[in-house]
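As they're listed, the protein sequences go chains S and H. Read in numbering that gives the first Met the number 0, the first sequence has 493 at position 494, and its numbers run on one by one without any break. Read in numbering that gives the first Met the number 0, the second sequence has 458 at position 459, and its numbers run on one by one without any break.
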Amino acid sequence: MNFPILSSLILLPTIGALFILFTKSSSGKYQSSKYVALFISLANFLLSLYLWYVFDKNSVDFQFVENREWLSGFINYKVGIDGISILFVILTTFITPICIISVNATITNRLKDFLIAILIMETFMIGVFCSLDLVVFYLFFEAGLIPMFLIIGIWGGERRVYSAFKFFLYTLLGSVLMLVAIISIYWITGTTDVEKLYELGIKAEYQNLLWLAFFSSFAVKTPMWPVHTWLPDAHVEAPTVGSVLLAAILLKMAGYGFIRFSLGLFPIASENFTMLVYILSLIAIIYTSLVALMQEDMKKLIAYSSVAHMGFVTLGIFTMTQQGIEGSIFQMISHGLVSAALFLSVGVVYERHHTRLINKYGGLVSIMPRYAIVFMVFTLGALGLPGTTGFIGEFLILMGAFERNILVAMIASLGVILGAAYMLWLFKRVVFGEINNQELKSMKDLKIFEIITLSALVIPILFFGFYPEPLMNSIEASVENTLNMYNFDLINNLASKN
Amino acid sequence: MENLQYILPEIFISLVIMLFLLVGVFKKNSSNLIYSLSTISLVILLALIINLSSLDKIYLFKSSYQIDNLSNYMKIILVGSGVFVMLTGSKYIQVINLNKIEYPILILSSILGMMIMISSNDLIVFYMGLELQSLALYVLASFNRDNLLSTESGLKYFVLSALSSGLLLYGCSLIYGFSESTNFDQILINSNEFNYGTTFGIVFILVGLAFKISAVPFHMWAPDVYQGSPTSVTLFFAILPKIAALSVFIKFLYTPFANMNDQWQTIIVFISIASMIFGAVAAIGQKNLKRLIAYSSISHMGYALAGLATVSNQGIQSSITYISIYLVMNLAFFSCLFMLKRNEKYYENIEDLSGLSKKHPILSFSLLIVLFSLAGIPPLAGFFAKFYVFLAVIEQSMYFLAIVGLLATVVAAFYYLRIIKIIYFDPEKDGYETSHNLGLKITLAISTIFILAYFIYPSGITEIVSKITMI
């Protein structure tokens, strides 16, 4: 047995959290705890980069697989990654240190508890992307609710209690049906091991109901229209760092789940429900883009734009084409970076001016030139300008969609225009124009740590925008394999019917 | 009479009870001494039972008394939680001036009654055990006799419980009449043919047992009794009688009535669903923590019964696992409740928890863990309890029960979250005392760590429980 690198990735943040829990700070400010947390999360990031380095990009199998007996012989603790999950793991380990650096500005009370919550959260998030057993997946998937509930509830804004409850109960309600489905799969096939399930397949007669049960969970988490309403509330009330984690990583769990489980385990049902997903995705793209146009609160605007972007993702996944799925994964990574960056940018001005209302701002370009530049990059990334990661994702998704259904693709393209409209309008109202509000003049430009975090996000957005090859390389083989399995199952099913 | 060594635990505890009564009468101011001695004798009792636990299946006294894996396991968790109940409550009863010699003796006699119930293999022996534990419990409920609520709860419990015992006894006599025997195994043999008398008997017995376990629609006493009784007695009520009653439930359903599962299965499913939903919904509006935990325990009993409704060994084992984890969660919750003390007064309203996390981070964290576990959120122990039950329920394709049960957990999650909200999100109030007795601290530490770390090695309980097979 080799060194259990994935388990180390999963456990390291928890160990760090325990360490912080049991140390006392003499000053009572817990600045040292922050350095511990930062160190741990950076170590985890480096570990995941090493993982990417040794990862065999041409193999379609799961790699670094660990399989231990866990639940008295019938359910095993099994983790492993393939090309689909590795990028999400790296995204998680990359975003977490950025969150910890930005904690400085936004969290004034109970810093220690906050750091512990973030580190525990990281454990659960990495666990979701690594787990190769449905029960283990469910465990991590649900456990993430606890720290996020506390992050929103303790450090959130005015309506934080309402938002935290809404977030928790919506997600829980969606997930319980998935638990029923997971247990049913166990009794139908005798295993919850994902690899074995890929081989065994699930009988066609069960697939539709099981697919719907998984869908109920993922649709809430994605979030898809019409169960997206928890997201704007949660985003607006969560502290900046909470919004970053939520937008960058939590939403990706569902997209990942769609590819790994809905497509992988229930191909026949996925084919049956394709139209449903298309329609919901299109509504999400068009409707939430329009809603985003009308928002007066910056965070709410970005939250609605997230729903629209995730609409592209679900659309891309269910095109069942190589381009569509690759585009979706790329779009998720891109959205992870861009939305994190946008929330951090909003956090920068919110911290200085204590309001998120767009009309209170204007003319920031003359007061905060550096801020204006990075904010512009992120805006362009969000609207999908060529040269940023956003473009590649949307382009590939639309390519995939055109292959399957021209009408769907045309409607989705409208979303790109609307996306440009609300993002540019936001940028114009906040950064350009006259300074109407005299209080703004006292605002200072970016501080050192803000430059670090924001430029850490600018670099990958531009780099992978111009040169997406490293990311594409990693996902290509696994996506191809997933699609082959998918088509194979469909053909088999047709053959058995005739 | 050659097999007396197998009932050594019962003999031991009976002798101890009589001895303590004598000591209490002849020695003045011996209440503290008796309390400590009772705790110690419970530990010895536990050791005696564990010593016998290697036995597989033994019938005693013309097979009216039975010792098997089920009874051994249930007795171990019964007496084990009894020890912790004594440990956590010792300071409490001193503070509110209940430290009388009768208190520990009543607890011991109630435990003796429960042990007899668990091991009984005969209607008459069963009823004797049941009455012994009930009579002790009536007195315990009203033990704080100067308190109006406590007296009310004692009286209420007495009247309703006597009624249910009457129904149960009527059921027993019907069973006896139609199957010509009081012995469980004999009843099983004689009841192969369907007749209405036996069906009525089953229904009456199930009603009586459902009352003891506080399952809907026979739950009305629980909130009042939980709230009115002294907290240490409430803790006792929340755990021990439930263990005994669940054990008897298993025994009745799977020994004398094993052939008639088509008749009782629907009843159990109904009781289970009604308890899960009612417990979840009714707890939402509560203001008193003890009352809230009463509703929560109603709903938890619904889940435990869901396992029994499956008519499979897997289901029985899941119910037993459920009650084992349930008792740890209750121990932890009540330990936290005992820590809410300020100026010789205990606080038990939800509002009193407001902002607790600022001044008492460790206590709040324990409560957080316990409440999320009660809500069944992974990776805490409470999730595994529910997971096993639903695993068994779905194995039998009882999807309706599973989906209703899981939806009820979402509703229940709301009121647990509400408490967490009050602890963590609300403005802080005065702090509470921080010095607590060792027993309380140890109980809280052990139970919280158990809940938190259960997922690391979840097979432990499952492996022990998997020896218990009834079918």
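For glycine and all other residues, C-beta sits at the position ideal for the given N, C-alpha and C.
Would you report the Cα separation of S/G126 and S/I4, rounded to the nearest angstrom? 12 Å
How is the beta strand (DSSP E) around H/L59 delimited, first residue to last? K56 to L59
Taking only three categories from DSSP, how would you classify S/T107? coil
Going by the DSSP bridge assignment, what does H/K340 pair with across the sheet? H/Y345
Using a Cβ-Cβ cutoff of less than 6 Å, which residues in the same chain neighbour H/Q285 once the five nearest sequence positions on both sides are dropped? L291
When burial is assigned at 16 or more other CB atoms within 10 Å of the CB, is S/Y34 buried or exposed? exposed
Pop quiz: S/L149 and S/A16 are said to be a contact at Cβ under 8 Å. What is the actual Cβ separation, rounded to whole angstroms? At roughly 13 Å, the Cβ-Cβ gap does not stay under 8 Å, so S/L149 and S/A16 are not in contact.
Buried or exposed, going by whether 16 or more other CB atoms sit within 10 Å of the CB of S/K220? buried
Could you give the uninterrupted runs of the alpha helix (DSSP H) lying entirely in the region 244–275 of chain S, keeping only those of 4 residues or more? 250–256
Extent of the continuous alpha helix (DSSP H) to which S/L8 belongs: I4 to F21
So which residues on chain S does H/L416 lean against when the C-beta distance must stay under 7 Å? F164 and F167
Where S/A233 meets chain H, residues with beta-carbon distance less than 9 Å: Within chain H, no residue comes near S/A233; the closest Cβ sits about 14 Å away, beyond 9 Å.
For the region 268–288 of chain H and the region 237–257 of chain H, state whether three or more C-beta atom pairs, one from each stretch, are separated by less than 8 Å. no
Is the distance from the Cβ of H/V124 to the Cβ of H/Y64 below 8 Å? yes
Excluding sequence positions up to five away, which residues of its chain have a Cβ less than 7 Å from the Cβ of H/P378? F454
Could you name the residues of chain S that H/V409 contacts, counting a contact when the two beta carbons are closer than 8 Å? L168, L171, L172 and V175
State the start and end residues of the unbroken beta strand (DSSP E) segment that holds S/W210. Where S/W210 is concerned, there is no enclosing beta strand (DSSP E), although the alpha helix (DSSP H) it sits in stretches over A203 to K220.
Does any residue of chain S have a CB that is nearer than 8 Å to the CB of H/P426? no
Terminal residues of the continuous beta strand (DSSP E) containing S/E65? Q62 to L70
Taking a contact to mean a Cβ-Cβ separation below 8 Å, would you say S/E311 touches S/E236 in this structure? Reading off the sequence shown, one finds Phe at residue 311 of chain S, where the question assumed Glu. Cβ distance not < 8 Å, so S/F311 and S/E236 don't count as in contact.
Quick check on the DSSP output: what are the complete alpha helix (DSSP H) runs of length 4 or more inside the region 395–470 of chain H, in order along the chain? 398–423, 437–452 and 458–464
With H, G and I counted as helix, E and B as strand and the rest as coil, what does DSSP make of S/K77? strand
How long is the line joining the alpha carbons of H/L339 and H/E347, rounded to whole angstroms? 8 Å
Would you tell me roughly how many angstroms separate the C-alpha atoms of H/L366 and H/S372, rounded to the nearest one? 10 Å
Can you list the alpha helix (DSSP H) stretches of 4 or more residues lying completely in the region 303–363 of chain S, in chain order? 321–352
Of the residues H/V24, H/L107, H/M73 and H/S62, which one's Cα is nearest the Cα of H/I39? H/L107
Any idea what DSSP makes of S/D112, helix, strand or coil? helix
So if DSSP puts H/S119 in a beta bridge, which residue, or which two residues, is it bridged to? H/Y64
Name the chain S residues that come within less than 9 Å of H/S458, Cβ to Cβ? E68, W69, L70, S71 and G72
Quick check: H/M450 and H/A303, are their CB atoms within less than 8 Å of each other? The sequence as given places Ile at residue 450 of chain H; Met does not occur at that position. Contact: no.
Any Cβ of chain S within less than 8 Å of the Cβ of H/P222? no
What does S/L141 reach in chain H if we use C-beta pairs closer than 7 Å? Residue identity check: residue 141 of chain S is Glu in the sequence provided, not Leu. Ordered by position in chain H, the residues that pass the 7 Å Cβ test against S/E141 are I376 and P377.
Does the beta carbon of S/I9 sit closer than 8 Å to a beta carbon anywhere in chain H? no
If H/V215 and H/G306 are in contact, beta carbons under 8 Å, what's the gap, nearest whole angstrom? With a Cβ gap of about 17 Å, H/V215 and H/G306 do not count as contacting.
Is S/S130 helix, strand or coil by DSSP? strand
Say whether chain S places a C-beta atom closer than 8 Å to the C-beta of H/E350. no
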